[in-house]
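Heads up: the structure comes next, in structure tokens.
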Amino acid sequence: TELSKIRNFSIVAHIDHGKSTLADRLIQMTGTVAERDMQEQLLDSMDIERERGITIKANTVRIEYPAQDGQTYVLNLIDTPGHVDFGYEVSRSMRAVEGSLLVVDASQGVEAQTLANVYQAIEADHEIVPVLNKVDLPAAEPDRVREQIEDVIGIEAHDAVEISAKTGLGIPDVLEAIVQRLPAPKGDRDAPLKAMLVDSYYDAYLGVVVIIRVIDGVIRKGDRIRMMRTGGTYGIDRLGVFKPAMQNIAELGPGEIGFLTASIKQVRDTRVGDTITHEKKQCATPLPGFKPAQPVVFCGLFPVDSSEFEDLRTAIEKLALNDASFSYEMETSAALGFGFRCGFLGLLHLEVIRDRIEREYDIELITTAPSVVYHIYTRDGAMSELHNPADMPDPATIDHIEEPRIKATILVPDEYLGDVLKLCQDRRGIQLDLTYAGSRAMAVYDLPLNEVVFDFYDRLKSVTKGYASFDYQLEGYRQDTLVKMQVLVNDEPVDALSMMVHRDRAETRGRAMCEKLKELIPRHMFKIPIQAAIGGRVIARETLSAMRKDVTAKCYGGDATRKRKLLDKQKAGKKKMRQFGKVEIPQQAFISALKMD
Ligand code: GTP
């Protein structure tokens with residue numbers, strides 16, 4: 002395809018503002034998919050994505066569009082994830098295209114991820130076309146939102162396209178705007194091959210599928226290619242485009258986006274941002290590349306039923322094949338037995354993986370307290386990363402500890418601002434900025450990541466009745482007084498419940514944890530002390546009193562069936578228990594105890 006007939010773009014939006022619905026409409030209206038094959042949210046391929054309505058992996062689609070000028074254009078859409086955990090994937094897909102549609106819900110206005118994502122587009126030098134969606138809603142205020150886009154984001158919005166992705170209104174205008182307002186890609190067909198590795202995923206039938214954007218030169222089926230950063234060389238088995246079903250193609254030239262397969266064994270062999278060139282005739286300089294996504298939240302995953310450990314290993318290995326940003330290593334816990342310590346990009350990423358293991362592989366899991374990565378400086382001047390509170394070295398050898406901090410941007414209607422500020426304050430936040438745009442406030446906070454990983458989203462949503470939006474980026478490490486808090490049940494430490502906390506927050510946390518456990522652990526025949534401790538010092542304590550009588554004692558008279566039923570019930574309940582010394586703790590207690598406040 003001629004360069005002047007190509008437009009490459011992505012859609013940036015806050016969650017739920019209608020990005021996927023718009024993508025579906027664009028595909029549908031250009032007849033890319035036959036009407037009968039049209040399925041809502043075509044681009045969200047994984048079930049879990051569909052269920053939760055979130056887009057996780059970047060997806061691409063090639064659309065052929067006969068424009069009003071009589072020419073047919075090839076429009077390549079790269080779908081980017083909208084959630085805060087996946088900001089990194091947004092930035093890398095952005096580099097593969099020249100423009101963005103900025104979708105804003107005309108009844109909601111600009112939200113935190115609108116900002117975060119549009120800034121990435123601006124950074125990638127994109128031409129941006131603002132699109133006001135959901136104008137079919139009675140609450141839509143396109144004029145106000147237009148103004149807000151200009152005030153808050155600082156881009157021209159008077160010629161924003163008004164649409165309803167739901168009814169189809171305005172979709173032809175979007176297609177024309179893509180052709181007329183976004184730039185065509187640049188590239189040299191005669192230069193040596195230079196293509197960007199945009200993304201890759203594992204397909205059970207095809208092996209690793211690599212999504213590429215050709216910058217210069219031409220790539221053909223059968224070519225021998227070299228990945229410049231990893232040094233790997235491969236022969237191309239298959240070359241194609243997504244429409245959105247895979248379709249083979251003989252070659253891809255400059256400006257084009259498509260996929261290749263080349264008998265690559267695992268996703269880890271492909272580095273996103275790598276430069277693909279011909280094995281023999283190489284291009285002179287590789288592309289700048291990207292920094293790999295680093296896991297920032299770690300937690301332990303253990304099977305409830307310890308005989309399922311091998312099944313868990315298989316599940317984790319399979320998931321990791323398709324997700325290079327998910328890391329794992331084996332872990333043993335005195336209380337929980339064999340499991341894995343896993344690293345994630347954020348809490349949502351953690352939840353998605355945990356859900357998939359439970360649902361797709363049918364393994365019930367115990368998840369330990371999520372922890373961030375601490376930097377531990379010992380007295381001898383060495384620094385080590387701490388991924389697991391259980392590995393904390395002897396405090397006497399530690400000089401100081403640093404924790405990761407984030408810069409959080411929160412947008413919220415005025416009336417809830419007070420609650421949001423209080424929440425941030427409670428979580429050791431430092432206010433960096435507070436501005437107003439219309440009836441919304443934008444608060445920017447410097448917060449410790451460890452205060453956010455527990456339940457910050459949940460709390461934020463609940464104090465603002467769901468009206469706040471939130472986005473963050475990692476800012477770096479800072480020293481603070483952090484300690485390891487242990488939980489002891491019947492004088493036995495339960496390592497799965499130990500956590501790193503700020504000294505000033507330890508008592509509150511410890512007390513809350515003990516109170517919660519007291520409710521969650523069933524009574525035994527003896528008294529059980531539940532304690533939180535730092536080092537050898539107890540900072541909170543509760544006592545679970547002993548059970549007074551046998552449960553069956555309630556059944557006065559001789560109702561044998563009733564008695565049998567009760568005993569059976571007790572036995573069934575036991576299956577979901579874990580034994581800690583002499584005490585049995587129900588699995589639910591771990592999950593609940595770790596949700597704070
Ligand atoms: P993520 O995939 O989570 O990033 O969300 P998204 O931005 O892709 O939003 P999605 O397309 O899933 O739309 C969110 C909700 O808004 C869905 O329930 C849509 O049906 C609805 N929606 C999308 N466009 C319109 C519209 O033009 N009008 C109305 N009334 N509803 C819309």
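Here the UniProt record's numbering is used: the sequence shown runs in plain steps of one and ends on residue 598.
Note that beta-carbon positions come from the ideal geometry of N, C-alpha and C, so glycine has one too.
Bear in mind the structure is a predicted one, so any value in this text is a computation, not a measurement.
Exercise. What residues are listed by DSSP as bridge partners for residue 343?
Worked result: The sequence position of residue 343 within the sequence shown is 342, counting from 1. Bridge partners of residue 343: 300 and 329.
For this session: With DSSP collapsed to three states, give me the class of residue 485.
Result: For the purposes of this step, residue 485 is taken as residue 484 along the sequence shown, with counting starting at 1. Note: residue 485 maps to strand in three-state DSSP.
For this session: Flag this pair as yes or no: are the beta carbons of residue 540 and residue 533 separated by less than 7 Å?
Result: In the sequence shown, residue 540 corresponds to position 539, counting from 1. In the sequence shown, residue 533 corresponds to position 532, counting from 1. In contact: residue 540 and residue 533 (Cβ atoms closer than 7 Å).
Problem set entry | residue 403 - containing beta strand (DSSP E), residue span | By one-based count along the sequence shown, residue 403 stands at place 402. Residue 403 -> beta strand (DSSP E) spans 399–414.
Exercise. With residue 201 and residue 268 assumed to form a contact (beta carbons below 8 Å), what rounded beta-carbon distance in angstroms separates them?
Worked result: For the purposes of this step, residue 201 is taken as the residue at position 200 of the sequence shown. For the purposes of this step, residue 268 is taken as the residue at position 267 of the sequence shown. About 5 Å separates the two Cβ atoms, so the contact holds.
For this session: Kindly provide the ranges of any alpha helix (DSSP H) runs that are 4 or more residues long and lie completely inside the stretch 104–181, ordered along the chain.
Result: The stretch 104–181 contains these whole alpha helix (DSSP H) runs: 113–124 and 143–149.
Problem set entry | Residue closest to residue 237, alpha-carbon to alpha-carbon, out of 252, 98 and 246 | Taking the sequence shown and counting its residues from 1, one reaches residue 237 at position 236. The option with the nearest alpha carbon to residue 237 is 252.
Exercise. What span of residues does the alpha helix (DSSP H) with residue 463 cover, start to end?
Worked result: Sequence index remark: in the sequence shown, residue 463 carries index 462 (1-based). 457–464 is the span of the alpha helix (DSSP H), which, as asked, contains residue 463.
Exercise. Quick one: is the Cβ of residue 134 within less than 6 Å of any heavy atom of the ligand GTP?
Worked result: The residue given as residue 134 occupies position 133 in the sequence shown. Yes - the ligand GTP has a heavy atom lying nearer than 6 Å to the Cβ of residue 134.
For this session: For residue 138, verify whether its CB is less than 6 Å away from any heavy atom of the ligand GTP.
Result: Locating residue 138 in the sequence shown gives position 137, counting from the first residue. True, at least one ligand heavy atom lies under 6 Å from that Cβ.
Exercise. Which residues in the same chain have their Cβ closer than 6 Å to the Cβ of residue 127, if we skip the five residues on either side of it in sequence?
Worked result: Within the sequence shown, residue 127 is the residue found at index 126, counting from 1. Cβ within range, chain order: 100 and 101.
For this session: Please determine if the stretch 381–400 and the stretch 415–430 are in contact, where contact requires at least 3 C-beta pairs separated by less than 8 Å.
Result: no
Exercise. Is there at least one non-hydrogen atom of the ligand GTP closer than 6 Å to the beta-carbon of residue 609?
Worked result: Because the chain in this structure spans residues 2 to 598, residue 609 falls outside the shown range and cannot be described.
Exercise. Distance, Cα to Cα, residue 527 vs residue 493?
Worked result: The residue labelled residue 527 in the question sits at position 526 within the sequence shown. The residue labelled residue 493 in the question sits at position 492 within the sequence shown. Between the alpha carbons of residue 527 and residue 493 lies a distance of about 15 Å.
Exercise. Under the DSSP definition of a beta bridge, which residues are partnered with residue 532?
Worked result: Your numbering for residue 532 matches position 531 in the sequence shown. In the DSSP output, where bridge partners are listed per residue, residue 532 has 489 and 542.
For this session: Report the residue from 203, 246, 218 and 261 whose alpha carbon sits nearest the alpha carbon of residue 319.
Result: Here residue 319 is taken as the residue at index 318 of the sequence shown, counted from 1. The residue from 203, 246, 218 and 261 with its alpha-carbon nearest to that of residue 319 is 203.
For this session: Could you tell me which of 166, 19, 248 and 8 sits nearest to residue 68, measuring between CA atoms?
Result: Within the sequence shown, the letter at position 67 stands for residue 68. Here the closest residue by C-alpha is 8.
For this session: Find the nearest neighbour of residue 362 within the set 582, 531, 378 and 315, judged by alpha-carbon distance.
Result: What you label residue 362 is simply residue 361 of the sequence shown in a count that begins at 1. Comparing Cα positions, the closest option is 315.
Exercise. So what's residue 499 in DSSP terms, helix, strand or just coil?
Worked result: On the sequence shown, position 498 is the one that residue 499 refers to. Correct three-state label for residue 499: coil.
Exercise. Expressed to the nearest angstrom, what Euclidean distance is found between the alpha-carbon atoms of residue 407 and residue 480?
Worked result: Here residue 407 is taken as the residue at index 406 of the sequence shown, counted from 1. Here residue 480 is taken as the residue at index 479 of the sequence shown, counted from 1. Residue 407 and residue 480: Cα-Cα distance of roughly 14 Å.
Exercise. Is there at least one non-hydrogen atom of the ligand GTP closer than 6 Å to the beta-carbon of residue 11?
Worked result: Along the sequence shown, one-based indexing puts residue 11 at 10. Result no, Cβ not under 6 Å from the ligand GTP.
For this session: Whole angstroms is fine: what's the gap from residue 270's alpha carbon to residue 12's?
Result: Here residue 270 is taken as the residue at index 269 of the sequence shown, counted from 1. Here residue 12 is taken as the residue at index 11 of the sequence shown, counted from 1. Between residue 270 and residue 12, the C-alpha separation is close to 28 Å.
Problem set entry | DSSP beta-bridge partners of residue 1 | The shown model of the chain, from 2 to 598, leaves out residue 1, and the question about it has no answer.
For this session: Check whether the Cβ of residue 165 sits closer than 6 Å to any heavy atom of the ligand GTP, and report yes or no.
Result: Looking up residue 165 in the sequence shown gives position 164. Result yes, Cβ under 6 Å from the ligand GTP.
Problem set entry | Separation of residue 4 from residue 378, as counted between CA atoms | Numbered from its first residue, the sequence shown carries residue 378 at position 377. Numbered from its first residue, the sequence shown carries residue 4 at position 3. Rounded to whole angstroms, residue 378 and residue 4 show a C-alpha spacing of 54 Å.
Exercise. Using a Cβ-Cβ cut-off of 7 Å (strictly less than) and excluding sequence neighbours within five positions of residue 536, which residues of its own chain qualify?
Worked result: Within the sequence shown, numbered from 1, the residue matching residue 536 stands at position 535. Around residue 536: 396.
Exercise. Among 399, 385, 26 and 309, which residue has its Cα nearest to the Cα of residue 174?
Worked result: Taking the first residue of the sequence shown as 1, we reach residue 174 at position 173. With distances taken between Cα atoms, residue 174 lies closest to 26.
Exercise. What is the DSSP secondary structure of residue 56, reduced to helix, strand or coil?
Worked result: On the sequence shown, position 55 is the one that residue 56 refers to. Unreliable positioning characterises residue 56 in this predicted model, as indicated by a pLDDT of 38, which lies under 50. A coordinate reading is not provided.
Problem set entry | Contact under 7 Å by Cβ, residue 461 with residue 469 | Residue mapping note: residue 461 aligns to position 460 of the sequence shown, counting from 1. Residue mapping note: residue 469 aligns to position 468 of the sequence shown, counting from 1. Going by C-beta atoms, residue 461 is nearer than 7 Å to residue 469.
Exercise. Beta carbon of residue 19: closer than 6 Å to some heavy atom of the ligand GTP?
Worked result: Taking the first residue of the sequence shown as 1, we reach residue 19 at position 18. The ligand GTP has a heavy atom closer than 6 Å to the beta-carbon of residue 19.
For this session: Would you grab the beta carbon distance between residue 430 and residue 418 for me? Rounded to a whole angstrom, and I think it's under 8 Å.
Result: Taking the first residue of the sequence shown as 1, we reach residue 430 at position 429. Taking the first residue of the sequence shown as 1, we reach residue 418 at position 417. 14 Å between Cβ atoms; not a contact.
Exercise. Among the residues of its own chain, which have a CB less than 7 Å from the CB of residue 71, if the five just before and after it don't count?
Worked result: Working through the sequence shown from its first residue, we reach residue 71 at position 70. If we look at residue 71 and ignore the five residues flanking it on each side, it has no Cβ neighbours.
Exercise. In chain order, what residues of the same chain have a beta carbon less than 7 Å from the beta carbon of residue 224, not counting five sequence neighbours either side?
Worked result: Sequence index remark: in the sequence shown, residue 224 carries index 223 (1-based). Same-chain partners within the cutoff: 237 and 279.
Exercise. When DSSP labels each residue in this structure, what does residue 451 get in the three-state scheme?
Worked result: Working through the sequence shown from its first residue, we reach residue 451 at position 450. Of the three classes helix, strand and coil, the one that applies to residue 451 here is helix, per DSSP.
For this session: Could you check what DSSP says for residue 417 in three-state terms: helix, strand or coil?
Result: Numbered from 1 along the sequence shown, position 416 holds the residue referred to as residue 417. Residue 417: helix per DSSP, three-state reduction.
Problem set entry | Through-space distance from residue 60 to residue 188, alpha-carbon basis | Stepping through the sequence shown from its first residue, residue 188 is reached at position 187. Stepping through the sequence shown from its first residue, residue 60 is reached at position 59. Rounded to the nearest angstrom, the two C-alpha atoms are 23 Å apart.
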